[in-house]
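In terms of the working numbering, the sequence shown has -6 at position 2, counting the first letter as 1, and numbering is strictly consecutive. Written below as structure tokens is the structure these notes are about.
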Amino acid sequence: MVEAMQGAGVVVTGAGGGIGAALARRFAAEGARVVVNDLDADKVKAVADEIGGIAVAGDASAIVAEARDALGGTVDVYCANAGVGSGGSEAADESVWALAWDVNVMAHVRAAHALLPDWLERGHGRFVSTVSAAGLLTMIGAAPYSVTKHGAYAFAEWLSLTYRHRGVKVHAICPQGVRTDMLEATGSAGDLVLQPTAIEPEAVADALMKGIEEDRFLVLPHPEVAAYYQARAADPDRWMTNMNHLQQKWETAK
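Below, the structure is given as structure tokens:
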């Protein structure tokens, strides 16, 4: 059991299924009081009923106040998990780019803006950002997703370096493939890159709990991502060449 989670007020966005539902279940199992959020009210109710949590349906960008009230006035942990897996290239419609930016980045910014005054006054709070290995590396065939997940990682990093001395803890979860509906939607690119090493959502929740116990910013459910990240930083041109080979392999297979 993660002692810090017992009795904590936790909000998980995008928790109607997949990683979010797994996080909500795990926090509840650790003794936390959990607000389950998603746009789909039926899914929210089902997960909340299952774990004895509180259902708060709606846009993740605008539920902090309602979730705080539902938890009796205090949010201890906020999991910015809701996301969209927008594929496409630079030619993707601007509405696709705008939605990816709004959900994958700005929803995190808005939540932090609403949460930080209370956290800084109290001297503690925990922000969990579900990013993706694409935020550290990239993903072929998905420019809007890759770019905005880089943004989500950058914002989490900025939060951590700015406020850690004032008691705010930040965790960035960066898995590769996770067996969810979003993975299924990645199509042939996901089949090539992500499916072979895909893990269950519960493994992501396990990795987060370990990261919380060890007070680590970067949470890697796929440990090999650390080596990829190091290789990318050490020799960017070699990394890009290897990724371009993967791109060519995907184009040939399509």
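We treat Cβ as the ideally placed atom computed from N, Cα and C, and that holds for glycine.
query, result
"For V2: DSSP bridge partner residues", "V26, V69"
"Contact under 8 Å by Cβ, G10 with M174", "yes"
"Cβ neighbour criterion (16 or more within 10 Å) applied to W150", "exposed"
"For W93, the nearest candidate out of H157, T172, G133, Y145 (CA to CA)", "Y145"
"Integer Cβ distance of K37 from A47, believed to fall under 8 Å", "5 Å"
"Beta-carbon contacts of M201 that lie in its chain and below 6 Å, excluding the five residues immediately before and after", "V(-6)"
"Rounded straight-line distance, which links the Cα of L112 to that of V160", "7 Å"
"G75 beta carbon less than 8 Å from that of T122", "yes"
"For G64 and A219, the rounded distance between their alpha carbons", "43 Å"
"Inter-residue Cα distance where the pair is R158 and G115", "6 Å"
"Complete alpha helix (DSSP H) runs within the stretch 74 to 145 (minimum length 4 residues, chain order)", "86 to 93, 99 to 114"
"Cβ shell of G(-1) (< 8 Å), same chain only, five flanking positions each side left out", "G23, A24, R25"
"Sheet register partners of L210 (DSSP bridge)", "A164"
"Rounded C-alpha distance that separates A125 from D41", "32 Å"
"V170, DSSP secondary structure in three states", "strand"
"Residue nearest to A21 in terms of C-alpha spacing, selected from D34, G45, D229", "G45"
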